[in-house]
Amino acid sequence: MAQDNVREVRDRTDIIELVGSYVALKKAGRSYKGLCPFHQEKTPSFVVFPDSQNFHCFGCGKGGDALTFYMQVEHVEFREALQELARRAGIELASFPTIAPEVDAHRQRLIELNELAAVYFANVLSNSEAGAPGRTVVERRGLSPEVVQQFGLGFALERWDGLHIYLASRGVDPTVAVEAGLLSERNEGAGYYDRFRNRLMFPIRTREGRTVGFGARALGDDQPKYLNSPQSAVFDKSSLVYGLDLAQAAIRAADRVVIVEGYMDVIAAHQFGYANVVATMGTAVTETQIGLVKRLSKHIVLALDADNAGQLATLRSLETLPAALDGEAVPVAAPQRGPAAGAIIRWERKLSADVAIVRLPDGKDPDELIRRDPARWPEVVEQARPFLDFFIEGVTADLSLDDARAKSEAIKRIAPLLQQVGDRVVQAHYTGVLARRLQLPETVVQSEVRRATLRTAMAVDPRSRSASSRAPRQASQEDHLVALLLRHREICRPILGLVPEDDLIDVRNRELLRVLRDEAIPFELEPPAIIAGLDDELADHAERLLASLAGTPAQYPGHIERDAARAVERLGKERFEFLMRQLQAAIEAAQQAGDAATLQSLIDQLALLHARHRQFYPPPSPYFRDSRSTSLPTTG
Ligand SMILES: [Zn+2]
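Position one of the sequence shown corresponds to residue 84 (our numbering), numbered consecutively onward.
Set out below in structure tokens:
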């Protein structure tokens with residue numbers, strides 16, 4: 084979720100260079116042309132437009148961006164094309180845990196090693212005599228055999244070479260095991276030793292259930308009490324959510340996800356039937372993690388222990404929010420363990436999620452709470468307060484209404500947060516709440532919020548401002564069309580077949596269209612369920628598309644279908660006119676140069692372009708006055 088990988092890959096890929104490695108290209112005006120790699124031809128009708136970074140074949144009609152070109156010429160899927168072009172451009176893809184494993188043999192190897200180790204640890208815990216200390220802990224903590232098995236718990240022996248010997252017997256290269264975070268290299272002399280010793284092992288899995296690392300809890304007094312796998316090519320704890328593989332269905336069913344802080348908390352919750360509970364791993368919640376769970380439900384409850392909840396409300400709201408105000412994704416580097424208040428507001432706005440906070444009773448973690456009285460857990464979760472309520476209450480809790488200076492301080496802390504709330508109605512609501520709480524006129528609070536706006540506007544880094552003005556984030560014609568089709572797939576079913584995919588330049592829109600057309604995906608599925616099944620990059624794009632429709636008033640199905648039909652026409656018209664301009668310029672150039680052969684070929688292409696356009700976008704019937712905006716430019 085962290086960044087727009089597709090956009091970055093496209094920006095950093097030189098489409099001329101890419102296409103040029105397959106097709107001999109010749110410069111013609113502002114564009115380049117060559118023989119089409121997708122159909123047989125003798126005169127070139129395949130054109131690449133460097134300014135708009137796309138290609139079109141006037142002969143066979145194929146078109147698209149650099150990624151589409153690569154997918155079609157190499158016959159690979161979207162993910163593999165993205166992966167390869169990212170590699171060539173030197174871009175590290177942010178969301179690697181969900182990369183299809185077959186695209187990266189090395190990562191696959193690391194995952195397999197972790198899975199092999201998980202089998203070993205689990206076997207030690209349940210079957211070996213030496214695993215008795217682990218079994219004692221499991222029993223003492225009241226873990227049922229079912230959850231032990233579900234979560235794949237294991238035990239690392241109190242010796243230096245338990246796993247090492249096992250891996251050696253399987254012919255595993257120890258240097259790879261070091262990279263996978265399972266073995267460590269001896270400081271002195273040659274050799275390796277087990278990284279995890281005398282610890283209860285919690286395999287950490289991706290959403291798809293692949294084991295990429297471990298959390299390990301010391302049995303004795305060893306420090307640290309919890310030891311994680313080190314950061315590796317497959318393990319990045321800030322982008323993993325513990326228990327998500329097992330919690331997905333329950334989160335969807337409950338339409339709520341509860342995020343706790345520890346492995347044991349998650350396991351206890353699942354054991355007692357509260358399977359919509361997941362955990363972060365000893366770090367502040369990150370935007371990536373919120374993005375992952377938000378796919379399943381936008382109702383997010385953070386269950387914080389008393390310390391972290393207290394910190395959340397007392398820290399200055401913007402202190403831990405570096406330059407994040409331009410709306411770009413910035414990993415939230417919070418020095419405290421709880422998330423920064425400003426970050427939460429930003430997630431709510433950007434990811435359109437609702438974040439609520441529940442402050443756990445003093446000194447109790449969910450594990451203890453649930454085991455002592457399982458029936459009480461739903462009550463605890465019910466007490467979750469919307470984040471801004473929680474924050475305002477926290478800041479104003481001990482405030483004396485006679486203390487003018489303290490009131491002023493409180494407003495200064497809260498105003499920057501209110502300023503960041505995207506929804507004006509919500510902002511007005513909380514401005515009112517705060518005013519009543521402090522017994523001040525609402526206008527005073529409002530003016531503080533406005534002043535906060537001014538301050539942040541001035542604080543925005545001028546570089547990022549110029550960057551965003553260079554690339555306006557305007558929803559394009561095709562984005563709008565695909566957004567409508569995604570939002571109203573069922574209603575727009577008749578339209579889906581009418582969209583000529585070669586007119587969609589953004590590879591993600593093509594991929595989404597392909598999914599939406601897929602009859603195997605039930606038409607009654609809501610957009611979030613469709614999005615949940617998508618590749619991460621596509622899911623991010625799809626969510627942006629849906630967000631772009633937010634705020635449009637509800638409409639009758641007939642209107643929606645008509646709007647979508649119009650969007651198809653506008654898209655075709657736009658593309659047609661763009662290609663027409665290109666051809667006309669080329670024709671003029673050929674006329675001036677007196678190049679009869681080229682001229683004839685271009686005129687043929689013009690005829691083909693017209694024919695193809697008419698095929699998808701028939702001209703309005705003269706007998707039926709409708710409101711379609713398409714009109715074919717006439718050419719002599
Ligand atoms: Zn072609």
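Cβ atoms here follow ideal geometry from the backbone N, Cα and C, with glycine treated the same way.
If you're wondering where the values come from, they're calculated on a predicted model, not measured in any experiment.
Asked: Within the structure, which residues are defined as neighbours of ligand 1 by a Cβ-heavy atom distance below 6 Å, reported in chain order?; Found: Cys-119, Phe-121, His-122, Phe-129, Cys-140, Gly-142, Cys-143, Lys-145
Asked: Since Glu-573 contacts Glu-607 with CB under 8 Å, what's their CB separation in whole angstroms?; Found: 7 Å
Asked: Considering only the beta carbon of each residue, do Gly-117 and Phe-132 sit closer than 8 Å?; Found: no
Asked: Distance check for Ile-383 and Leu-617, CA to CA, integer angstroms please.; Found: 21 Å
Asked: Which class does Tyr-276 belong to by DSSP, given the choice of helix, strand or coil?; Found: strand
Asked: May I ask which residues mark the beginning and end of the alpha helix (DSSP H) holding Ala-125?; Found: Position check: residue 125 holds Lys in this sequence, whereas Ala was assumed. Element bounds for Lys-125: n/a, residue is neither H nor E.
Asked: What ranges does the beta strand (DSSP E) occupy inside the region 269–352, keeping only unbroken runs of at least 3 residues that lie completely in it?; Found: 275–277, 282–288, 294–301, 309–311, 340–343
Asked: On the criterion of 16 or more Cβ atoms from any shown chain inside 10 Å, does His-158 qualify as buried, or is it exposed?; Found: exposed
Asked: Kindly indicate which three-state DSSP category Ile-440 falls into: helix, strand or coil?; Found: strand
Asked: Return the bridge partner residues of Arg-468 from the DSSP annotation.; Found: Ile-440
Asked: Which of the three DSSP states is assigned to Ala-111 in this structure?; Found: strand
Asked: For Lys-308, which residues of its own chain have a beta-carbon under 6 Å away from its beta-carbon, when the five flanking residues on both sides are left out?; Found: Ala-301
Asked: Determine the direct distance from the alpha carbon of Glu-492 to that of Asp-486, and round the result to whole angstroms.; Found: 10 Å
Asked: Would Thr-724 and Leu-500 qualify as a contact pair, given that the criterion is a beta-carbon distance under 8 Å?; Found: Absent from the structure is residue 724, since the part of the chain shown begins at 84 and ends at 719.
Asked: Helix, strand or coil for Glu-626, going by three-state DSSP, please let me know.; Found: helix
Asked: Around the Cβ of Gly-421, are there at least 16 other Cβ atoms within 10 angstroms (buried) or fewer (exposed)?; Found: Low confidence applies to Gly-421: its pLDDT is 44, below 50, so where it sits in the model is not reliable enough to give any reading.
Asked: How long is the line joining the alpha carbons of Asp-720 and Ala-111, rounded to whole angstroms?; Found: Any question about residue 720 goes unanswered here, given that the chain covers just 84 to 719.
Asked: In terms of residue numbering, what span does the alpha helix (DSSP H) encompassing Gly-515 cover?; Found: 507–521
Asked: With DSSP collapsed to three states, give me the class of Gln-149.; Found: The sequence given here places Ala at residue 149; Gln does not occur at that position. Note: Ala-149 maps to helix in three-state DSSP.
Asked: On the CB-based measure, 16 or more other CB atoms within 10 Å of its CB, does Ala-426 come out buried or exposed?; Found: buried
Asked: Identify which residue in Val-295, Leu-329, Ala-337 has its Cα closest to the Cα of Ser-315.; Found: Val-295
Asked: Should Asp-348 be labelled buried (16 or more other beta-carbon atoms within 10 Å of its own) or exposed?; Found: buried
Asked: Can you give the Cα-Cα distance for Ala-407 and Gln-503, rounded to whole angstroms?; Found: Unreliable placement is indicated for Ala-407, whose pLDDT of 27 sits below 50; no coordinate value is reported for it.
Asked: Taking the continuous alpha helix (DSSP H) assigned at Gly-374, which residues delimit it?; Found: 370–377
Asked: Using DSSP bridges, identify the partner residues of Lys-116.; Found: Lys-109, Val-130
Asked: Using the Cα positions of Glu-262 and Ala-362, report the straight-line distance between them to the nearest angstrom.; Found: 25 Å
Asked: Could you check whether Arg-520 and Thr-479 sit closer than 8 Å to each other, using their CB atoms as the reference points?; Found: yes
Asked: Decide if Asp-450 is buried, meaning its Cβ has at least 16 other Cβ atoms within 10 Å, or exposed.; Found: buried
Asked: At 4 residues or longer, and completely inside the region 625–662: list those alpha helix (DSSP H) runs for me, N to C.; Found: none
Asked: In terms of alpha-carbon separation, which member of Arg-695, Tyr-357, Asp-601, Leu-240 lies closest to Pro-216?; Found: Leu-240
Asked: Could you check the C-alpha separation between Gly-667 and Glu-660 for me, to the nearest Å?; Found: Gly is not the amino acid found at residue 667; the sequence shown has Gln there. If you take the alpha carbons of Gln-667 and Glu-660, they lie about 10 Å apart.
Asked: Which residues share a DSSP beta bridge with His-696?; Found: Answer is none; His-696 lacks a bridge partner.
Asked: So Leu-569 and Leu-629 are in contact, right, with Cβ under 8 Å, and what is the actual spacing, rounded?; Found: 7 Å
Asked: I'd like the span of the alpha helix (DSSP H) that includes Val-202, first residue to last.; Found: 188–210
Asked: Please report the distance separating the alpha-carbon of Ala-169 from that of Tyr-203.; Found: 36 Å
Asked: Measure the CB-CB distance between Arg-93 and Ile-194 and report whether it falls below 8 Å.; Found: no
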